[in-house]
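Under our numbering, think of the first position of the first sequence as 208, with each following residue one higher.
We treat Cβ as the ideally placed atom computed from N, Cα and C, and that holds for glycine.
Bear in mind that the values here come from a model prediction, so they are computed numbers and not experimental data.
Below: one structure, written as structure tokens.
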Amino acid sequence: MVIIKHLHFPSNLYFYTKFQRMIRVRFAPSPTGPLHIGGVRTALYNYFFAKKQGGKLILRIEDTDQTRFVEGAENYIQESLEWSGIHFDEGPKQGGEFGPYRQSERKNLYRQYADQLINDGYAYYAFDTAEELQKMRETEEAAGHKFQYDSKHRKNLKNSLRLSKDEVQDKLDAGKPYTIRLLFPEDEEIVFTDVIRGEVKVHSSNMDDKVIFKSDGMPTYHLANIVDDHLMEITHVIRGEEWLPSAPLHVLLYRYLGWDAPEFAHLPLLLKPDGKGKLSKRDGDRLGFPVFPMEWTDPKTGEISSGYKESGYFPEAFVNMLAFLGWNPGDEREIMSMDQMTEAFSLDRCSKSGARFDADKAKWFNHEYLQQYPMDKLVTAFKELLKKETIEEVCDDYIEKVIKAIKDRANFVQDLINSGLYFFKHPESYEEKAVKKHWRENSASHIGLIADEFEKCEGWNSENLEDIVKTQIEKHEMAGGKIFNGIRLLMVGASSGPHLFDILEILGKEESIIRLRNGIERLRSLNQ
RNA sequence: CGCCCGUUCGUCUAGUUGGCCUAGGACGCCAGGUUUUCAUCCUGGAAAUCAGGGGUUCGAAUCCCCUACGGGUGACCA
């Protein structure tokens, strides 16, 4: 590849003719805050696309707007993507031969292309200040007209199209601030093909002369994006639908710069679960689900937004759920690994319409992953959480038994703790409702009788225990339901949990009998 | 308001080249069963006249047009 560059051959062209063009895609977030799950999904699709075709995935940080810089945002983005299992081949951290990968570090690269556009007559200097334009916009709108910096207005504004060469040079020499704007054609249908949507047409008269170079010496997104995509030899631009309206501008930029444009694919947006509009930061905490992959603390306000990671989602489940919002493999599989999804991925299986986020389905995905999760990892995670309950020194075998007994009704590891804490400590109290419903006058004596039988039990396992209890129920003509539920109450402290005799087996003989005896005492005093 | 994109059960969607669609699956919901608990499990059910209206065709969810609705965008933001 290096040799080819010396020969001034664009390497892509070389590969295109010789073999097949090397696929290169990029995810290009702006570090203005935490990465939204919609962004994660875009990164994910880029990842699938690249991996499927043996191509490269590039991370590029688009930080051309210095005023919107947010402390910690870039780091957050990198960590979130890493946690999600989306790995990049090139980027600020991993480097690469097309670097640097932060636009702020490429600053001096862009100006020459803006100059080239001016020299070729495709762009011009504009000396109007932001305030002047704002004022004009307001007065025009007040009069019921729309204001655009376009073919109608540009001849009356302060720019190099109207001003004489000398006037322009004077202003430049005087150091007057200016922007560089792209000169849009007056009457032309701009057409391009979107991989997902097909042919998209926009008439040039509906576009205005976009600023491509700002007065602060930085390019705007539009210029930087095109220059970098070209220099980095990006073959496919897969991004959110919010970019579709400016795609014609990008197409034009490629043409004016004399470059081949990459393929475009505009993904549909993630929508709010309720109401209108796209999913936003506020929706998450309002509706009780995270909008961000990881927890984020706003450096200015200190405001905390919850994350999937901290809410107990497995990254594999998170990514699986996200991938299915706008894509599916075409068969009836739903639980798929990163590799399986990569294998099945294709852009023409992406839907065109926005997907409403569904928190219930997200939980279901995690439930499914919890069932499959490697036991040793589950035990480790469980122990971590157990520490927070100030319970330590429990052997792994015991934890494993507990997890096996209760995981099928849990969505998160945290659920395992919430619904299984009684396996690690005596019930502190007995749920009032359950007591009322299941505890009778004679419960104490009947269950006491059963406890006596338990003492004699040799083979302490679920089946034997069930036999013992059933035998006693028959022998003494006890009310079966009350006995079962009564014992459960004394073991759990509530009327929930797995099969009763499995609970007894796990708890063990000694502990079970203690709970029975203690419980009987406590409930007796309660009844009086 | 202009421009662009979209529209199949409540939600995610299958359906891509018109016929096997009396529209399939999943989540959620409801009912029954099992478990003498339950947030599990099993079985079943309701749920989309394919946004509406016009065409084209022997035949349309699938093609065309119009309307409605939804979304995006309209910065010296990305």
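Rounded distance between the beta-carbons of residue j and residue i, thought under 8 Å
{"i": "A551", "j": "L532", "result": "So it is not a contact: roughly 16 Å between Cβ atoms."}
{"i": "W806", "j": "L714", "result": "No statement about residue 806 is possible, as the shown extent of the chain runs from 208 to 735 and does not include it."}
{"i": "Q579", "j": "D615", "result": "Contact flag wrong, Cβ pair sits at about 12 Å."}
{"i": "Y283", "j": "L242", "result": "7 Å"}
{"i": "I500", "j": "K516", "result": "Note that residue 500 is Pro in the sequence shown, not Ile. Going by Cβ atoms, the distance from P500 to K516 rounds to 6 Å, so yes, they are a contact pair."}
{"i": "P426", "j": "Y317", "result": "4 Å"}
Host alpha helix (DSSP H) of residue i (start-end)
{"i": "H352", "result": "That residue, H352, is in no alpha helix (DSSP H); it is neither H nor E in DSSP."}
{"i": "V402", "result": "That residue, V402, is in no alpha helix (DSSP H); it is neither H nor E in DSSP."}
{"i": "R616", "result": "Per DSSP, R616 belongs to no alpha helix (DSSP H) and is neither H nor E."}
{"i": "G700", "result": "Element bounds for G700: n/a, residue is neither H nor E."}
{"i": "L459", "result": "454–464"}
{"i": "R489", "result": "488–494"}
{"i": "D546", "result": "545–551"}
{"i": "L316", "result": "314–326"}
{"i": "W290", "result": "280–290"}
{"i": "V526", "result": "522–530"}
Coarse secondary structure for residue i, derived from DSSP in three states
{"i": "R231", "result": "strand"}
{"i": "F216", "result": "Here the model assigns F216 a pLDDT of 38, short of 50, so the residue's position is not dependable and the matter cannot be decided."}
{"i": "G302", "result": "strand"}
{"i": "E662", "result": "helix"}
{"i": "F255", "result": "helix"}
{"i": "A686", "result": "coil"}
{"i": "N535", "result": "coil"}
{"i": "L368", "result": "coil"}
{"i": "S626", "result": "helix"}
{"i": "H706", "result": "coil"}
{"i": "T504", "result": "strand"}
{"i": "G726", "result": "helix"}
{"i": "A562", "result": "strand"}
{"i": "L242", "result": "coil"}
{"i": "P426", "result": "strand"}
{"i": "G693", "result": "helix"}
{"i": "H645", "result": "helix"}
{"i": "V375", "result": "helix"}
{"i": "H574", "result": "helix"}
{"i": "V409", "result": "strand"}
{"i": "E599", "result": "coil"}
{"i": "G655", "result": "helix"}
{"i": "S237", "result": "coil"}
{"i": "I293", "result": "coil"}
{"i": "E269", "result": "coil"}
{"i": "F631", "result": "coil"}
First and last residue of the uninterrupted beta strand (DSSP E) at residue i
{"i": "L389", "result": "386–389"}
{"i": "Y332", "result": "330–333"}
{"i": "E470", "result": "470–474"}
{"i": "L266", "result": "263–266"}
{"i": "R446", "result": "443–447"}
{"i": "F420", "result": "418–420"}
Buried versus exposed call for residue i [16 or more other C-beta atoms within 10 Å across all chains shown]
{"i": "Q310", "result": "buried"}
{"i": "F619", "result": "buried"}
{"i": "G514", "result": "buried"}
{"i": "R489", "result": "exposed"}
{"i": "I511", "result": "exposed"}
{"i": "L529", "result": "buried"}
{"i": "A330", "result": "buried"}
{"i": "H215", "result": "Unreliable placement is indicated for H215, whose pLDDT of 36 sits below 50; no coordinate value is reported for it."}
{"i": "A337", "result": "exposed"}
{"i": "A321", "result": "buried"}
{"i": "K751", "result": "Outside the displayed span of the chain (208 to 735) sits residue 751, for which this structure offers no information."}
{"i": "S570", "result": "The sequence given here places Lys at residue 570; Ser does not occur at that position. Buried, because 16 or more other Cβ atoms sit within 10 Å of the Cβ of K570."}
{"i": "E712", "result": "buried"}
{"i": "E648", "result": "exposed"}
{"i": "A472", "result": "buried"}
{"i": "G465", "result": "exposed"}
{"i": "H633", "result": "exposed"}
{"i": "I398", "result": "Going by the sequence as given, residue 398 is Val instead of Ile. The residue is exposed, with fewer than 16 neighbouring Cβ atoms inside 10 Å."}
{"i": "S237", "result": "buried"}
{"i": "P384", "result": "exposed"}
{"i": "H410", "result": "exposed"}
Among the options, the one whose alpha carbon lies nearest that of residue i
{"i": "S560", "options": "L478, P307, T678", "result": "L478"}
{"i": "I268", "options": "Y252, G240, G245, G261", "result": "G240"}
{"i": "S652", "options": "C602, I293, E728", "result": "E728"}
{"i": "G405", "options": "L370, E393, L451", "result": "L451"}
{"i": "F184", "options": "V232, S412, K408", "result": "Not covered by the structure: residue 184. The range shown for the chain is 208 to 735."}
{"i": "E600", "options": "L379, A612, V586", "result": "V586"}
{"i": "E289", "options": "E396, E523, E348", "result": "E523"}
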